[in-house]
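K.L.:
What follows is a single structure, and I will ask about it in a moment.
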Amino acid sequence: MNSFTGCEGELVARLRDSFESAFPGAADFSKLRVLPATDPKFGDFQCNDAMGFARALHQPPRKIAEAAVAKLAETLSAGAADPIEKAEVAGPGFINLTVSSKWLASRLEGLGADEGLLVPQVGAGRKIVIDYSSPNAAKQMHIGHIRSTVIGNAIDRIFRALGYDVIADNHLGDWGTQFGILIKGYRECLTQEERDNLTVANLEKCYVLSSAKAKEDEAWKDACRAELVKLQRGDADNRALWKRFIEISIGEFDRMYAKLGVKFDTYRGESYYNDTMPGVVAKLQEMGLAVESEGALVVNLESEKLGVAIVRKSDGGYNYTTSDLACVQTRVAEYDPERIIYVTDARQQLHFKQWFSIARKMGYTTQLVHVPFGLMSFAGKAISTREGNLIRLDELLSEAKRRAFDIVKDRGGDEALAEAIGFGAVKYSDLSHDPITDIDFDWDKALALEGNSGPYLQYAYARVQSLLDKAGSDGSSGGIVVSTPAEKLLALQLLQFPGTVLRAANAYKPSILADYLFQTAQLYSSFYQSSPVLKSEEPVRTSRLRLCAIFGRVLGKGLGLLGIQTPSRI
RNA sequence: GGGGCUGUAGCUCAACUGGAUAGAGCAUCAGACUACGAAUCUGAGGGUUGUGGGUUCGACUCCCGCCAGCCCCGCCA
0 MNSFTGCEGE LVARLRDSFE SAFPGAADFS KLRVLPATDP KFGDFQCNDA MGFARALHQP
60 PRKIAEAAVA KLAETLSAGA ADPIEKAEVA GPGFINLTVS SKWLASRLEG LGADEGLLVP
120 QVGAGRKIVI DYSSPNAAKQ MHIGHIRSTV IGNAIDRIFR ALGYDVIADN HLGDWGTQFG
180 ILIKGYRECL TQEERDNLTV ANLEKCYVLS SAKAKEDEAW KDACRAELVK LQRGDADNRA
240 LWKRFIEISI GEFDRMYAKL GVKFDTYRGE SYYNDTMPGV VAKLQEMGLA VESEGALVVN
300 LESEKLGVAI VRKSDGGYNY TTSDLACVQT RVAEYDPERI IYVTDARQQL HFKQWFSIAR
360 KMGYTTQLVH VPFGLMSFAG KAISTREGNL IRLDELLSEA KRRAFDIVKD RGGDEALAEA
420 IGFGAVKYSD LSHDPITDID FDWDKALALE GNSGPYLQYA YARVQSLLDK AGSDGSSGGI
480 VVSTPAEKLL ALQLLQFPGT VLRAANAYKP SILADYLFQT AQLYSSFYQS SPVLKSEEPV
540 RTSRLRLCAI FGRVLGKGLG LLGIQTPSRI
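By numbering that gives the first Met the number 0, the letter at position 208 of the first sequence is numbered 207, and the numbering carries on one by one without gaps.
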């Protein structure tokens, strides 16, 4: 994956050669990095690695940097053909590089023309599975489901864009004790009309009623358990009911996913792995990994400080550890992916560490990755039915749309536009944070339309499209000349896009991309303010138009990777 | 008791995994529309990065000890 080094790859190669010829074989220079300059006054790019080599080379870092720069100077060709215009050593051994504006222009032109440069195809021929969203059947989606869905989907989109063959799977909670309660509740707590027009809301209602009764009425509880057993044994009636519950649930989930622009390749819930679980447990026993303990079958992971994982309950049933292992077995057999990514809340970290460890002991070599995200709370309290602070996803999206529409309608915007902006705001407010941070839900924060927000980026996009429309050009031809500071800052920033997408993928953090897009839009807005485009004389006009077009391309692509729509008119 | 995550401006968050003077948004204050779209832009104030040590040319970042908050720790997922 690291064969691509970004637009500065050329610079890295040049510096690496310089280091190698200054200190042949004296150290490993292969990991040398060239980063954007931290301050424009230092130049355009910088390399900080000379300091790191001080110990290996037994020389003061500044001397090392100077020696490398001297070698580099020898290779600098006269004239503007060389990418590097200037290289100098500063402070303890920073190497500051200034690139030629001609090179900058040519890299930009390449970025504007070549899709493969915009998003490097590092994933070609590689298969991965991404497992996210995973709501429980028969319950409505609420704000607690946003994070897995939105973060997971952004990771999904990023990996697809990088050329990976991605299988997005929704591991629904479609099995377990709640179905005994549901079936009993369906039969006893709903009216005939409610049964005929079954909705997820009704299912949720009968679940709440039935589980409340089970708590106070032992006979009811036993009846629920009996229904569950019947379901598990394949009773036709219960099986049909269960199937209907799942279908209704998926129908409702799909309605939400359609609004959010989320698509899955498969909807394999826990029930999909029922039949393979006994085999998994048998294998664990054969390998001597699972042992009896207090009536249950457990895998002891104390030596790794991971406690004990139960793989078969004392009543003979299986739990999520076994289900996840069965799932991995199936995915490996069917797809043989090089990686499986799980996007779930951070509370499950121990669980994932446990079963990842067991999977390795079983011989699975697929790279298993857990992407944990922080908890969402409301007014400082956990989101739960009991707290009564369970805001339905549907409700949130409606409110997002309503607020956006209030602003959009004055300009003749329609409902579709209000959705694009409102939903974009919801997604961005989540994606712009590092996934691990806990979020205390707040209407105003989640639906921010100004500043560092989704609509800020959409506005910048619409504005640049409008500019291109007015110019009557798509800005795809003509030469770029980077001369003013504002142009240069924007140009250098745009060149960082491919590397940023890669960084976001490697870290499984869409927030890295979101942050970059915001910075880029800020630089563009600043450029836009200070630099006339349409009113400029040629060749500046054409050049700036082109810069605008590339910005539009980068922003449009980037927002697309986050699953945020880009209307060309706002 | 054991473990995980988090702690940065009044608030919400960044800081490219050890680099140069810790940056944005919101809020506050002062400016910019007869202007390529003001959902924007320009500027100002605001910091002992929880705390005490350590490692080194250099620490928000790594190591150790404390403090605070959240979350996990065999039959829920």
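Where is the CB? At the ideal position from N, CA and C, for every residue including glycine.
Quick check on residue 376: does DSSP put it in helix, strand or coil?
P.N.:
If DSSP states are grouped into helix, strand and coil, residue 376 belongs with the strands.
K.L.:
What ranges does the beta strand (DSSP E) occupy inside the region 103-188, keeping only unbroken runs of at least 3 residues that lie completely in it?
P.N.:
Taking only runs of at least 3 residues, the beta strand (DSSP E) segments lying wholly in the region 103-188 are 126-130, 164-168.
K.L.:
Buried or exposed: where does residue 129 fall if 16 or more other Cβ atoms within 10 Å of its Cβ makes it buried?
P.N.:
When all chains shown are included, residue 129 counts as buried.
K.L.:
How is residue 253 classed by DSSP in three states: helix, strand or coil?
P.N.:
Here residue 253 sits in helix by DSSP.
K.L.:
So does the region 154-167 actually touch the region 500-515, counting three or more Cβ pairs closer than 8 Å?
P.N.:
Flag = yes, the region 154-167 and the region 500-515 touch.
K.L.:
Rounded to the nearest angstrom, what separates residue 269 and residue 200 at their Cα positions?
P.N.:
Distance between the alpha carbons of residue 269 and residue 200 is about 22 Å.
K.L.:
Tell me where the beta strand (DSSP E) around residue 85 begins and ends.
P.N.:
Looking at the DSSP string, the run of the beta strand (DSSP E) that includes residue 85 is 83-89.
K.L.:
What residue range is occupied by the uninterrupted beta strand (DSSP E) comprising residue 338?
P.N.:
Counting along the chain, the beta strand (DSSP E) containing residue 338 begins and ends at 338-344.
K.L.:
Does residue 19 come out as helix, strand or coil in the three-state DSSP assignment?
P.N.:
Three-state DSSP puts residue 19 in a helix.
K.L.:
Closest to residue 10 by C-alpha separation, out of 399, 74, 178, would be which residue?
P.N.:
Of the candidates 399, 74, 178, the one whose C-alpha sits nearest the C-alpha of residue 10 is 74.
K.L.:
Under a three-way DSSP split, which group does residue 369 fall into?
P.N.:
Note: residue 369 maps to strand in three-state DSSP.
K.L.:
Within 10 Å of its beta-carbon, does residue 436 have 16 or more other beta-carbons around it, so buried, or fewer, so exposed?
P.N.:
Exposed: under 16 other Cβ atoms inside 10 Å.
K.L.:
Is the CB-CB distance between residue 36 and residue 42 below 8 Å?
P.N.:
In this structure, residue 42 lies closer than 8 Å to residue 36 by Cβ.
K.L.:
Nearest to residue 150 by alpha carbon, out of 342, 251, 407, 308?
P.N.:
When only C-alpha atoms are compared, the closest one is 342.
K.L.:
From residue 23 to residue 569, what distance separates their C-alpha atoms?
P.N.:
Straight-line Cα distance between these residues: approximately 58 Å.
K.L.:
On a CA-only basis, which of 13, 515, 76, 104 is nearest residue 545? Give me that one, please.
P.N.:
Closest by alpha carbon: 104.
K.L.:
For residue 35, list the residues DSSP reports as bridge partners.
P.N.:
Its beta-bridge partners are 44.
K.L.:
Roughly how many whole angstroms lie between the Cα atoms of residue 315 and residue 273?
P.N.:
Spanning the two alpha carbons is a distance of roughly 13 Å.
K.L.:
Using DSSP's beta-bridge definition, name the partner residues of residue 291.
P.N.:
Residue 291 pairs with 296.
K.L.:
What residues are listed by DSSP as bridge partners for residue 420?
P.N.:
DSSP lists no partner for residue 420.
K.L.:
Using DSSP with H/G/I as helix, E/B as strand and the rest coil, what is residue 491?
P.N.:
Three-state result, residue 491: helix.
K.L.:
Quick check: the region 550-567 against the region 411-423, are at least 3 beta-carbon pairs closer than 8 Å?
P.N.:
Flag = yes, the region 411-423 and the region 550-567 touch.
K.L.:
For residue 146, is the classification buried or exposed, using 16 other Cβ atoms within 10 angstroms of its Cβ as the cut-off for buried?
P.N.:
Buried.
K.L.:
Within the continuous alpha helix (DSSP H) that includes residue 355, where are the two ends?
P.N.:
Residues 348-360.
K.L.:
When the Cα atoms are used, what is the spatial distance from residue 1 to residue 118?
P.N.:
Only weak support is given to the placement of residue 1: the predicted model assigns it a pLDDT of 37, under 50, and the question is left unresolved by the model.
K.L.:
Expressed to the nearest angstrom, what Euclidean distance is found between the alpha-carbon atoms of residue 284 and residue 271?
P.N.:
One C-alpha to the other measures close to 22 Å.
K.L.:
With a cut-off of 8 Å, do at least 3 Cβ pairs link the region 130-137 to the region 173-182?
P.N.:
Taking 8 Å as the limit for Cβ pairs, the verdict is that the region 173-182 does touch the region 130-137.
K.L.:
Taking the straight line between their C-alpha atoms, what separation do you get for residue 303 and residue 278?
P.N.:
Near 25 Å, if we compare the C-alpha coordinates of residue 278 and residue 303.
K.L.:
Residue range of the beta strand (DSSP E) that residue 273 falls in?
P.N.:
Looking at the DSSP string, residue 273 is not in any beta strand (DSSP E), and its letter there is neither H nor E.
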